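**Student:**
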Amino acid sequence: MPKTLSSVKEEVASYKGKRVRCRVSKGRNRVETIEGTIIEIYPKLFTLCALPENSLISFNYAEVLTHEVIIEVLD
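In my numbering, the protein residues as written are 23 to 97.
1. Mind checking who S36 pairs with in its DSSP beta bridge?
2. Got a sec? Which residues, its chain only, sit under 7 Å from N82 by beta carbon, not counting five neighbours each side?
3. Assuming G49 and A72 form a contact by the criterion Cβ under 8 Å, report the distance between their Cβ atoms to the nearest whole angstrom.
4. Taking V34 as the reference, give the member of V86, E75 and R45 with the closest Cα.
5. Quick check on this structure: which residue in I60, T69, C44 and S29 has the alpha carbon closest to the alpha carbon of E90?
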């Protein structure tokens with residue numbers, strides 16, 4: 023079943039407050055892995071608090087839909 027933007031929003035909203043690992047595609051076979059907690063859910067994006075440095079990183083739902091960001095729940 024193909025995902026839609028609204029189903030991605032609901033899925034990410036269910037991860038709020040949980041510890042996750044995000045694999046972010048940076049292009050040209052470069053991948054960055056970030057671990058943290060999803061802090062806030064907004065209509066167009068969500069924020070992640072990266073654990074070692076406590077920095078806020080935001081992603082939009084289209085990045086999850088197009089697999090530029092892959093979320094794996096750790097809890």
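Just so it is clear, CB atoms sit at the ideal spot from N, CA and C, and this is done for glycine as well.
Computed from a predicted structure; not experimentally measured.
**Tutor:** Taking the structure as given:
1. Mapped onto the sequence shown, residue 36 falls at position 14. Per DSSP, none; premise fails for S36.
2. Position 60 of the sequence shown, counted from the first residue, corresponds to residue 82. Cβ neighbours of N82 beyond the five flanking positions: K66 and L67.
3. Walking along the sequence shown from the start, residue 49 turns up at place 27. Walking along the sequence shown from the start, residue 72 turns up at place 50. Wrong, their Cβ atoms sit about 20 Å apart, outside the cutoff.
4. One-based indexing of the sequence shown puts residue 34 at position 12. Of the listed residues, the one whose Cα sits closest to V34 is V86.
5. As a first step, residue 90 is located in the sequence shown; it is residue number 68 there, counting from the start. Closest by alpha carbon: C44.
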